[in-house]
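According to my numbering, the sequence shown is numbered sequentially starting from 59.
C-beta atoms are modelled at their ideal positions from N, C-alpha and C, and glycine is treated no differently.
Please read all numbers here as calculations on a predicted model, not as lab measurements.
One structure below.
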Amino acid sequence: MILLSSILFQNPGFFQQLGDRINEGGPLAMSLILISFFIIIFLVVRAAINVSAAGHKFQKNISLINQLALIALVIGLFTQFVGLIQIFDAFESLDNVNPAMFAAGLKVSLLAPLFGGFTFLFGRISSFILNWIRKSDLDVNTTNTY
């Protein structure tokens, strides 16, 4: 029991590791992705509440979820490209490149696209599930002319 408690208290917690990864991946970009993730969660809850409401309210929430998810992915990829350019500029000025330093730079450059991709997948899967549970007769277009 003592061994288990010492292992649990020595390892950093989930939120501490998440905070460390956010700082490693670039605080500005990772914060923007995190903010869009929280807004997506809010919009998913709002769309789930309005799942039986009029079509325009529900579709507006789904559209916002999809757009924010795509913005998070693009921010992550843009940050990766900027980070890779900075890595290669730094290595260009060095004569002897250490492989461990190169690997650490690549790891840092992959954190933002990974988090942006997770946010994108969460948003798209959420919108898919919300569209799936919604009854199709609620989205009937009333302006059909035959």
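Looking only at Ile-129, Phe-73 and Arg-104, the smallest Cα-Cα distance to Leu-179 is reached by Ile-129.
Following the DSSP letters along the chain, one finds Gly-113 inside the alpha helix (DSSP H) bounded by residues 113-151. Note that the C-beta distance between Gln-138 and Ala-170 is below 7 Å.
Under the three-state reduction of DSSP, Gly-174 is assigned to helix. C-alpha of Glu-82 to C-alpha of Ile-183: approximately 27 Å in a straight line. Residues of the same chain with a CB within less than 6 Å of the CB of Phe-95, apart from the 5 flanking positions on each side, are Thr-177 in chain order.
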